[in-house]
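**Student:** The working numbering numbers the first residue of the sequence shown as 9 and each following residue consecutively.
Beta carbons: idealized from backbone N, C-alpha and C, even for Gly.
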Amino acid sequence: DVEAGITEAQRAVTETLLWQLRVLAGWQPRPGSAAVRLLASHFEIANTRGLLRAMEGAPQPPPYRLGALSTVWPRLSRTGTPAELRAELAASPWGDPGSESPAAVITAMRWSAAARTAANVPSAARWAAGEAALLWAREVFVTGRRPDTRHAVRLLGTAAVRATAFGEFRAGLPAAARWALADAGTPADLWRAEARWWTTLEHDGLRLLHEARFDMTPVVGAVAVLGTDAWRVRAGLECAEQGGRALEAFDELLG
Numbered sequence: 009d010v011e012a013g014i015t016e017a018q019r020a021v022t023e024t025l026l027w028q029l030r031v032l033a034g035w036q037p038r039p040g041s042a043a044v045r046l047l048a049s050h051f052e053i054a055n056t057r058g059l060l061r062a063m064e065g066a067p068q069p070p071p072y073r074l075g076a077l078s079t080v081w082p083r084l085s086r087t088g089t090p091a092e093l094r095a096e097l098a099a100s101p102w103g104d105p106g107s108e109s110p111a112a113v114i115t116a117m118r119w120s121a122a123a124r125t126a127a128n129v130p131s132a133a134r135w136a137a138g139e140a141a142l143l144w145a146r147e148v149f150v151t152g153r154r155p156d157t158r159h160a161v162r163l164l165g166t167a168a169v170r171a172t173a174f175g176e177f178r179a180g181l182p183a184a185a186r187w188a189l190a191d192a193g194t195p196a197d198l199w200r201a202e203a204r205w206w207t208t209l210e211h212d213g214l215r216l217l218h219e220a221r222f223d224m225t226p227v228v229g230a231v232a233v234l235g236t237d238a239w240r241v242r243a244g245l246e247c248a249e250q251g252g253r254a255l256e257a258f259d260e261l262l263g
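1. To which residues of the same chain is F177 closer than 6 angstroms at the C-beta, ignoring the five residues directly before and after it?
2. Tell me the DSSP secondary structure of F174 in three-state form.
3. Rounded to a whole number of angstroms, what is the C-alpha to C-alpha distance between A243 and T22?
4. If you check the beta carbons only, do P69 and G58 fall under 7 angstroms apart?
5. CB L217 to CB A230, shorter than 7 angstroms?
6. Taking only the alpha-carbon atoms, compute the straight-line gap between A123 and A133 and give it to the nearest angstrom.
7. Compute the Euclidean distance between the alpha carbons of L25 and P195, then round it to the nearest angstrom.
8. Would A48 pass as a contact of L60 if the rule is Cβ separation under 7 angstroms?
9. Out of D191, M117, A203, state which residue places its alpha-carbon closest to the alpha-carbon of N55.
10. Under a Cβ-count criterion, where at least 16 other Cβ atoms within 10 Å of its own Cβ denotes burial, should A39 be classed as buried or exposed?
11. Just to confirm my understanding: we take S41, look at its own chain, exclude 5 residues before and 5 after, and list those with CB closer than 7 angstroms. What are they?
12. Could you tell me the alpha carbon to alpha carbon distance between A137 and T89, rounded to whole angstroms?
13. Buried or exposed for V10, please, with buried defined as at least 16 other CB atoms from any protein chain shown within 10 angstroms of its CB.
14. Just tell me which of M63, A91, S100, E64 has its CA closest to the CA of W81.
15. Can you say whether E139 is buried or exposed, counting buried as having 16 or more other CB atoms within 10 angstroms of its CB?
16. Rounded to the nearest angstrom, what separates C247 and R45 at their Cα positions?
17. Are the CB atoms of A141 and L181 nearer to each other than 7 angstroms?
18. Residues in the same chain with beta-carbon distance under 8 angstroms from R186, minus the five sequence neighbours each way, listed in chain order, please.
19. Please state whether DSSP places E64 in a helix, a strand or coil.
Right, here's the structure in full:
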């Protein structure tokens, strides 16, 4: 739709990505489809965010149709209070978020997704660790919130999680996660590091996609490349909406 607004256009891009991932997962044996489901966890997280907003009386966007990529969304969608939602999460692979507040629930789900991806999708473990480092850095050193450390210690190590200064945090990270903050000397540089994370995801994904292996590695690469393409299109739409004022950030994303 050439007359669609930025929100509708970005939503269409994301829905297209979801459909591509559902088709890809449908052609895989069980290990491959499980890997795609984990790598697509952000769709269930987005649905949960919308549901929590609806519980607060805000308009709820239509949930993404997850199909076989759902972990427990059908059960979550039937909850009517944050307490019920937390109980369903606690009884699922997502685990107990530790709180009923929307911010805590969403952050805990992101940590759970990263930890389960690192544990179950070896070819994506580096991305998950890097994403976890960025998530912790933004939560602690930008928003001032200190997330639950259960998954963080496993992914980032005790030294990094205990750090009280950004430089100390970077220095304490294991190599598997430290790369994601290579471009971030201060918390103000995190946006640049987050853009570089996507560039790395694409480069690694292309390499995995072209490996001649009879396991789920090329599938993981395909998910990475498709996800990066969608992210770039969404970023381009955002840049166009702002009249080109976000060109510096878009150039970072282009790598």
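**Tutor:** According to the structure data:
1. A168, A171
2. helix
3. 12 angstroms
4. yes
5. yes
6. 9 angstroms
7. 30 angstroms
8. no
9. M117
10. The question names Ala, but residue 39 is Pro in the sequence shown. The residue in question, P39, is exposed, as its Cβ has fewer than 16 Cβ neighbours within 10 Å.
11. A33, A76
12. 32 angstroms
13. The predicted position of V10 is uncertain, since its pLDDT is 48 and thus under 50; a value taken from the coordinates is nonetheless stated next. With fewer than 16 other Cβ atoms within 10 Å, it is exposed.
14. S100
15. buried
16. 30 angstroms
17. yes
18. A141, R178
19. coil
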